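In our numbering, the protein residues as written are 10 to 287.
By construction, the Cβ of each residue, glycine as well, lies at the ideal position given by its N, Cα and C atoms.
Model, not experiment: these values are computed from the prediction.
For reference, the structure discussed in these notes is given below.
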Amino acid sequence: MKIYRTSAGIVIENKQNFYQSNQKDWNSYLNRNDLRAQLEAEIATLTAVGDAQWLATQTILAPIEKQEIWAAGVTYMRSKNARMEESKDAGGGSFYDRVYDAERPEIFFKATAHRTVGPGGKVRIRKDSTWDVPEPELTLCVTSSGKIVGYTIGNDMSSRSIEGENPLYLPQAKSYDGCTALGPCVYVPAGLLPTDTRISLTIRRKEQIVFENSIGIDQMKRGHQELVSFLYRECSFPDGCFLMTGTGIVPPNDFTLQSNDEIFITIQHIGTLHNVVA
10 MKIYRTSAGI VIENKQNFYQ SNQKDWNSYL NRNDLRAQLE AEIATLTAVG DAQWLATQTI
70 LAPIEKQEIW AAGVTYMRSK NARMEESKDA GGGSFYDRVY DAERPEIFFK ATAHRTVGPG
130 GKVRIRKDST WDVPEPELTL CVTSSGKIVG YTIGNDMSSR SIEGENPLYL PQAKSYDGCT
190 ALGPCVYVPA GLLPTDTRIS LTIRRKEQIV FENSIGIDQM KRGHQELVSF LYRECSFPDG
250 CFLMTGTGIV PPNDFTLQSN DEIFITIQHI GTLHNVVA
């Protein structure tokens with residue numbers, strides 16, 4: 010099952026049928042430990058309003074209101090190697106090498122709704138950055154009690170030039186207006202996301218593919234609940250939160266995003282998140 014936050018309200022998808030919820034509060038709607046069971050009970054009382062063609066007529070918004078977005082880093086080998094390469098001249102490469110194998114993961118604050126765009130929205134690259142990439146990430150939807158109840162797609166826009174200059178610049182490389190895209194829905198399965206789920210990234214420039222790659226989430230170094238447990242150790246989230254789980258897809262060093270590039274991130278079972286660089 011999938012949940013969409015739209016301009017017309019909350020929409021539930023089940024078996025390619027779409028239902029409009031009578032509930033209005035997105036924050037309390039997501040923040041339920043028994044979310045899947047509640048959705049099943051709710052659609053039993055509703056009549057389908059249409060199919061995928063109907064959904065295409067709606068404006069789909071980012072699935073976030075009061076929640077915070079946090080992100081985990083260096084959870085894939087490819088990410089570790091890329092971070093070490095970009096920071097070697099600053100002498101910071103060993104930090105990323107050590108955190109990959111350390112007990113404590115790298116977790117940092119990414120964004121709030123104010124700095125997040127939804128499907129079709131414009132993500133940004135910093136004006137003071139010279140090397141920028143999207144980072145496609147499986148993103149966990151977590152309740153206030155720390156239970157993972159769903160999954161969505163996240164784009165962790167990143168300045169490799171700023172982070173590479175000095176690892177202490179990470180907040181500036183990661184958090185700024187338009188630094189995050191989230192959507193198109195929250196996928197709420199009956200069980201865990203299959204371990205053979207794949208993430209793919211395609212970047213198009215002037216209608217030509219300039220980068221394309223994919224990876225399986227089974228290549229992650231750390232478990233989802235492990236990351237959540239560290240995040241929730243000394244942080245409370247009254248409305249729940251979203252946790253990006255890191256990227257395993259990093260474009261080559263000679264690639265940087267440009268204005269008007271199109272970014273397509275697809276995760277099996279969830280869908281595709283499409284954004285344009287402002």
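When only Cα atoms are considered, Arg231 and Thr84 end up about 6 Å apart. In the DSSP assignment, Arg41 falls outside any beta strand (DSSP E) and carries neither an H nor an E.
By the Cβ neighbour-count rule, Gly255 is buried, with 16 or more other Cβ atoms within 10 Å of its own. By the C-beta density criterion, His283 is buried, having at least 16 other C-beta atoms within 10 angstroms. Classified as buried, Asp165 has 16 or more neighbouring CB atoms from the shown chains inside 10 Å of its CB.
About 6 Å separates the beta carbons of Val126 and Gly187, which is inside the 8 Å limit, making them a contact pair. By the beta-carbon neighbour count (other beta carbons within 10 angstroms, threshold 16), Arg14 is buried. Following the DSSP letters along the chain, one finds Leu64 inside the alpha helix (DSSP H) bounded by residues 61 to 65. Taking 8 Å as the cut-off, the beta carbon of Ser167 is found closer than this to the beta carbon of Lys183.
Within the segment 192 to 239, no complete alpha helix (DSSP H) segment of 4 residues or longer occurs. Per DSSP, Leu266 lies in no alpha helix (DSSP H) segment and is marked neither H nor E.
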